[in-house]
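Visitor: After the structure tokens below, expect a handful of questions from me.
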Amino acid sequence: GLILLNGLVFGYEGEVTDALTLPEGARVICASFLSGDLSLADLSLPNSLQFIGEYAFSNCGKIEKITVSASNENFASDDSGVLYNKDFSKLILFPAGSPLTEYSVVSSTTALGELAFYNAKNLTSITVSKELSNIPDYSIGYIFDEATGTKVINQNLTFKCYKNSPFFTYASEKNLKMSFLNDAVITKLELNDITVKSGESKSLTPVIETNGELMYKCEYLSSDNSIAAIENGNSVKGVKFGDTTITLIVT
């Protein structure tokens with residue numbers, strides 16, 4: 005089982021099962037923890053976690069999703085089970101075993117973790133924002149070639165990016181396949197009225213239309229959390245009777 009000492013996760017005895025939930029109290033995950041493991045498929049990280057060492061969980065070929073406690077102050081995961089830091093400025097790890105064939109990096113992301121997308125063989129398309137500039141070698145666009153035992157460019161993967169962006173420069177130097185995004189804008193933005201009962205939660209589903217391919221991130225704010233509060237980033241939960249204004253911020 006898990007070897008945990010004074011909040012430090014530094015080893016695992018025996019065979020890893022397909023699901024691993026780190027317990028509350030785990031604060032630090034050591035570098036390269038379970039890197040290359042071929043059993044782990046589902047990973048859950050606790051509220052207490054403060055630090056993840058480089059290469060931890062990288063190249064786990066079966067892992068499909070990573071879930072982070074919603075109240076964790078340091079890390080978060082998106083709806084696709086991809087691991088980010090809390091403000092989504094850094095994509096730490098895309099699960100190598102994810103069945104997704106297409107993925108869009110959050111528009112506010114500026115950095116990738118070491119080996120963030122390494123060996124994610126199912127991906128055929130990744131959309132990258134203008135802001136992404138901190139791109140470690142082999143963090144994206146590479147897979148492991150069993151025949152040669154080396155890292156090679158994934159020839160089945162195409163990147164959608166902006167010309168003259170930092171990622172365009174990186175991809176050009178590495179000879180990665182690219183297609184180019186336009187500077188599209190939002191042409192329609194609507195958020196309809198919603199009614200929730202006390203204790204009930206409903207997803208927020210705005211109407212957003214653009215004049216081209218555009219990456220964006222939605223954030224919601226409630227003017228009175230004592231009446232209704234935003235939950236899990238994209239839903240609203242009723243607290244007590246009354247009216248509140250939900251503001252939609254698109255970046």
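Residue numbers for the sequence shown follow my numbering, so the first one is 5 and each next one is one higher. For every residue, glycine included, the Cβ atom is placed at its ideal position computed from N, Cα and C.
1. Would L218 pass as a contact of L185 if the rule is Cβ separation under 9 Å?
2. So which of G117, S205, I198, K125 has the shortest CA-CA distance to Y88?
3. Checking 9 Å against the spacing of the C-beta atoms, do I96 and A120 come in under that value?
4. Please report how far the alpha carbon of L42 lies from the alpha carbon of L24, in whole angstroms.
5. Identify which residue in P210, F172, T71, S143 has its Cα closest to the Cα of S133.
6. So for K178, helix, strand or coil by DSSP?
7. Nearest by alpha-carbon distance to S52: which of S108, L12, T199, D91 is it?
8. Nearest CA to the CA of S216: which residue from A45, T191, S81?
9. Identify every residue that forms a DSSP beta bridge with V156.
10. Where does F92 fall in DSSP's three states?
11. Give the C-beta separation of G101 and I67 to the nearest angstrom, bearing in mind that I take them to be a contact with Cβ-Cβ under 8 Å.
12. Using alpha carbons as the reference points, say which of I231, P103, A60 lies closest to F37.
13. On a Cα-Cα basis, can you pick out the residue from P140, S111, Y142, P103 that is closest to N126?
14. Reducing DSSP to helix, strand and coil, say where T113 ends up.
15. Could you compute how far the alpha carbon of V156 sits from the alpha carbon of Y122?
16. Short check: CB of S226 to CB of I250, under 9 Å?
17. How is T173 classed by DSSP in three states: helix, strand or coil?
18. I'd like the list of long-range same chain contacts for E135, defined as Cβ closer than 6 Å, with 5 residues on each side in sequence excluded.
19. Starting from I33, follow its DSSP beta bridges and name the residues at the other end.
20. Look at the Cβ atom of I33, then the Cβ atom of S48, and state whether they are nearer than 9 Å.
21. Where does K164 fall in DSSP's three states?
22. Looking only at its chain, what residues have a beta carbon closer than 8 Å to the beta carbon of T105, apart from the 5 residues adjacent to it on each side?
Guide: On the basis of the data shown:
1. For the purposes of this step, residue 218 is taken as the residue at position 214 of the sequence shown. For the purposes of this step, residue 185 is taken as the residue at position 181 of the sequence shown. Cβ distance < 9 Å, so L218 and L185 count as in contact.
2. Mapped onto the sequence shown, residue 88 falls at position 84. Nearest of G117, S205, I198, K125 to Y88, Cα basis: G117.
3. Counted from its first residue, the sequence shown places residue 96 at position 92. Counted from its first residue, the sequence shown places residue 120 at position 116. Yes; because the gap between Cβ atoms is below 9 Å, this pair is in contact.
4. Position 38 of the sequence shown, counted from the start, is the residue given in the question as residue 42. Position 20 of the sequence shown, counted from the start, is the residue given in the question as residue 24. About 13 Å.
5. Taking the first residue of the sequence shown as position 1, residue 133 is located at position 129. Measuring from the Cα of S133, the nearest candidate turns out to be F172.
6. The residue you call residue 178 lines up with position 174 of the sequence shown. It is helical.
7. Here residue 52 refers to the residue found at position 48 when the sequence shown is read from its first residue. When only C-alpha atoms are compared, the closest one is L12.
8. For this step, residue 216 is matched to residue 212 along the sequence shown. In the sequence on display, residue 216 carries Gly and not Ser. Of the candidates A45, T191, S81, the one whose C-alpha sits nearest the C-alpha of G216 is T191.
9. The residue labelled residue 156 in the question sits at position 152 within the sequence shown. V156 pairs with I147.
10. By 1-based counting over the sequence shown, the position of residue 92 is 88. In the structure shown, F92 sits in coil (DSSP, three-state: anything other than H, G, I, E or B).
11. The residue given as residue 101 occupies position 97 in the sequence shown. The residue given as residue 67 occupies position 63 in the sequence shown. Indeed, because the Cβ distance is near 5 Å, the residues count as touching under 8 Å.
12. Taking the sequence shown and counting its residues from 1, one reaches residue 37 at position 33. Looking at the Cα atoms, A60 is the closest of the given residues.
13. As a working note, residue 126 is residue 122 in the sequence shown. That would be P103, whose Cα lies nearest to the Cα of N126.
14. On the sequence shown, residue 113 is found 109 positions in, with the first residue counted as 1. The answer is coil: DSSP assigns T113 none of H, G, I, E or B.
15. As a position in the sequence shown, residue 156 is number 152, starting the count at 1. As a position in the sequence shown, residue 122 is number 118, starting the count at 1. Those two C-alpha atoms are separated by around 10 Å.
16. For this step, residue 226 is matched to residue 222 along the sequence shown. For this step, residue 250 is matched to residue 246 along the sequence shown. Cβ distance < 9 Å, so S226 and I250 count as in contact.
17. Looking up residue 173 in the sequence shown gives position 169. Residue state, collapsed to three classes: helix.
18. As a working note, residue 135 is residue 131 in the sequence shown. Hits under 6 Å: T114.
19. Counting from one through the sequence shown, the residue named residue 33 turns up at place 29. DSSP, once it has assigned bridges, lists V13, I56 as partnering I33.
20. Translated into the one-based positions of the sequence shown, residue 33 becomes position 29. Translated into the one-based positions of the sequence shown, residue 48 becomes position 44. Not in contact: I33 and S48 (Cβ atoms no closer than 9 Å).
21. Looking up residue 164 in the sequence shown gives position 160. Looking at K164 - three-state DSSP - the assignment turns out to be strand.
22. Numbered from its first residue, the sequence shown carries residue 105 at position 101. The answer, listed in chain order, is N126, L127, T128, S129.
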